[in-house]
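Colleague: Each number in our numbering comes from the position in the sequence shown (counting from 1) with 177 added on.
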Amino acid sequence: MRVILITGAASGLGWAMAQHWFAAGHSLVLADIDESGLKNRAAELNNPGRVLTVTCDITRAADIHFLIDETHARFGQLDLLVNNAGITHRSPAHQTDPAVFRKVMAVDWQGPVELTLAALPMLRESTGQIICIGSMAGWMPVPGRAAYCAAKAALTQFFEVLRLELEADDIHILMAYPSFLDTPIENHALGKDGNIAKHPRSMVGGMRSAQWMAELIDTSLQQRKRWILPEPVSRFGALLWRIAPALYLRQVRKRFAGELR
178 MRVILITGAA SGLGWAMAQH WFAAGHSLVL ADIDESGLKN RAAELNNPGR VLTVTCDITR
238 AADIHFLIDE THARFGQLDL LVNNAGITHR SPAHQTDPAV FRKVMAVDWQ GPVELTLAAL
298 PMLRESTGQI ICIGSMAGWM PVPGRAAYCA AKAALTQFFE VLRLELEADD IHILMAYPSF
358 LDTPIENHAL GKDGNIAKHP RSMVGGMRSA QWMAELIDTS LQQRKRWILP EPVSRFGALL
418 WRIAPALYLR QVRKRFAGEL R
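1) With a cut-off of 8 Å, do at least 3 Cβ pairs link the stretch 196 to 216 to the stretch 239 to 251?
2) Determine the closest residue to D256 out of L297, G214, A421 and L332, with distance taken between C-alpha atoms.
3) Cα separation between D234 and R385?
4) Let me know the secondary structure DSSP gives V319 once reduced to three states.
5) Are the beta-carbon atoms of M390 and L190 separated by less than 8 Å?
6) I'd like to check one pair, A314 with M282: are the Cβ atoms closer than 8 Å?
7) How should L358 be labelled, buried or exposed, when 16 other C-beta atoms within 10 angstroms of its C-beta is the threshold for buried?
8) Would V259 and M194 be called neighbours here (beta carbons separated by less than 8 Å)?
9) Apart from the five residues just before and just after A374, which ones in its own chain have a Cβ nearer than 6 Å to its Cβ?
10) Do three or more CB pairs link the stretch 261 to 276 to the stretch 315 to 323 at distances below 8 Å?
11) Hey, I308 and L398 are a contact pair by Cβ (cut 8 Å); roughly how many whole angstroms apart?
Structural data, given as structure tokens:
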């Protein structure tokens with residue numbers, strides 16, 4: 178039995194991973210800013226001995242330390258940290274309030290970084306593992322997602338450096354790069370003024386379920402893979418951006434025309 182801490186656990190991919198690992202017999206720390214959502218999830222699992230819920234904002238240092246302290250007090254160990262909490266936006270960069278950029282960077286980059294550093298003493302004790310949920314948007318430009326692309330690219334670079342620096346501790350890091358998943362993240366995407374975006378999102382390729390991604394993540398973790406890039410269309414797009422950027426930009430202008438207004 179392992180102790181697994183999942184951020185953004187009240188919905189979407191975080192909840193799918195929680196259900197998957199709970200069914201496998203592991204103990205869970207479910208962290209989210211959504212207090213009522215966490216209460217509902219705890220009631221669904223109905224096993225307070227194996228499930229701890231912590232309402233917290235990972236952009237606040239005090240909340241991060243509270244989360245780690247609560248994990249240690251309840252279980253005394255941490256075997257797997259899942260940096261899943263995230264936020265996105267749908268707005269042209271030149272029209273967007275800089276406060277939107279600050280919020281996206283805080284949730285998608287600064288929060289995972291600070292939480293991981295706070296969790297490292299426990300992960301060293303268990304020779305644990307870390308999962309970061311990135312995005313293919315961190316590998317190539319996507320119109321209307323400038324801050325999201327930047328945050329996910331920064332996430333990749335930080336954790337690839339951290340991977341090298343933690344080799345002596347034998348702490349394994351898995352970077353997952355889904356493209357389009359059927360989760361509520363887009364329902365809460367910020368618009369240029371910081372309110373919820375009203376226009377529908379643009380997509381390339383198909384949409385996968387959160388459950389499908391959770392199973393793939395678990396399999397890859399057991400195989401100690403370093404990266405998951407599950408969608409062929411996204412992999413092709415990332416390659417096209419590198420070898421034929423002009424062609425890539427022509428295609429995304431067509432696909433994401435609604436994001437450029």
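Don't be surprised by glycine CBs; every beta carbon is placed ideally from N, CA and C.
None of the values given here were measured: they were computed from a predicted structure.
Modeller: So, to answer that:
1) yes
2) Your numbering for residue 256 matches position 79 in the sequence shown. For D256, the nearest C-alpha among the options comes from L297.
3) Taking the first residue of the sequence shown as position 1, residue 234 is located at position 57. Taking the first residue of the sequence shown as position 1, residue 385 is located at position 208. Each residue's Cα considered, the two are about 27 Å apart.
4) Along the sequence shown, one-based indexing puts residue 319 at 142. V319: coil per DSSP, three-state reduction.
5) Residue 390 sits at position 213 when you count from the first residue of the sequence shown. Residue 190 sits at position 13 when you count from the first residue of the sequence shown. Yes, the Cβ-Cβ distance between M390 and L190 is below 8 Å.
6) The sequence position of residue 282 within the sequence shown is 105, counting from 1. The sequence position of residue 314 within the sequence shown is 137, counting from 1. Taking 8 Å as the Cβ cut-off, M282 and A314 do not qualify as a contacting pair.
7) The residue labelled residue 358 in the question sits at position 181 within the sequence shown. Buried, by the Cβ-count rule.
8) In the sequence shown, counting from the first residue as 1, residue 259 sits at position 82. In the sequence shown, counting from the first residue as 1, residue 194 sits at position 17. Yes, these two residues count as a Cβ contact at 8 Å.
9) Locating residue 374 in the sequence shown gives position 197, where the first residue counts as 1. So the qualifying residues of the chain are R267, A366 and G368.
10) yes
11) The residue given as residue 308 occupies position 131 in the sequence shown. The residue given as residue 398 occupies position 221 in the sequence shown. Yes, they are in contact, since the Cβ atoms of I308 and L398 sit about 7 Å apart, within 8 Å.
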